[in-house]
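Novice: So that we are looking at the same thing, I have put the structure below in structure tokens.
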């Protein structure tokens, strides 16, 4: 398995754990920030800026919706 595939799988697993966490407790802002950083990795970007520069409009919209859900859970 390539390093990028492993990183993407790890990012997906981290997000899955985060969404499981928010079902039972309120995450910390740090946990939410970490989840957002894992989110753009799933999309194959190295940063949010990278995703915004090279992502398709539909992809960016989906990313922003999930990001807002993550950040709202920590508020």
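In the working numbering, the protein residues as written are 7 to 81. All residues carry an ideal CB built from backbone N, CA and C; glycine is no exception. Fair warning: this is a prediction, and the values are worked out from it, not measured in the lab.
May I have the straight-line CA-CA distance separating residue 77 from residue 60, to the nearest angstrom?
Specialist: Against the chain shown, residue 77 aligns to sequence position 71. Against the chain shown, residue 60 aligns to sequence position 54. Each residue's Cα considered, the two are about 23 Å apart.
Novice: Mapping the DSSP letters down to three states, classify residue 58 as helix, strand or coil.
Specialist: On the chain shown, position 52 is the one that residue 58 refers to. Looking at residue 58 - three-state DSSP - the assignment turns out to be helix.
Novice: Roughly how many whole angstroms lie between the Cα atoms of residue 20 and residue 44?
Specialist: Indexing the chain shown from 1 puts residue 20 at position 14. Indexing the chain shown from 1 puts residue 44 at position 38. When rounded, the distance between both Cα atoms is 7 Å.
Novice: For residue 63, is the classification buried or exposed, using 16 other Cβ atoms within 10 angstroms of its Cβ as the cut-off for buried?
Specialist: Indexing the chain shown from 1 puts residue 63 at position 57. So residue 63 ends up on the exposed side.
Novice: Locate the alpha helix (DSSP H) running through residue 33, then write down its first and last residues.
Specialist: Within the chain shown, residue 33 is the residue found at index 27, counting from 1. Premise fails: residue 33 is in no alpha helix (DSSP H) and is neither H nor E.
Novice: With a threshold of 16 other CB atoms inside 10 Å of the CB of residue 70, please say whether the residue is buried or exposed.
Specialist: Taking the first residue of the chain shown as 1, we reach residue 70 at position 64. Flag for residue 70 reads exposed.
Novice: Apart from the five residues on each side of it in sequence, which residues of its chain come closer than 6 Å, Cβ to Cβ, to residue 8?
Specialist: Mapped onto the chain shown, residue 8 falls at position 2. Because residue 8 carries a pLDDT of 49, less than 50, the predicted location of this residue cannot be relied on, and no value is offered for it.
Novice: By alpha-carbon positions, which one of 18, 23, 34, 56 ends up nearest to residue 79?
Specialist: One-based indexing of the chain shown puts residue 79 at position 73. Checked all of 18, 23, 34, 56; the closest Cα to residue 79 is 34.
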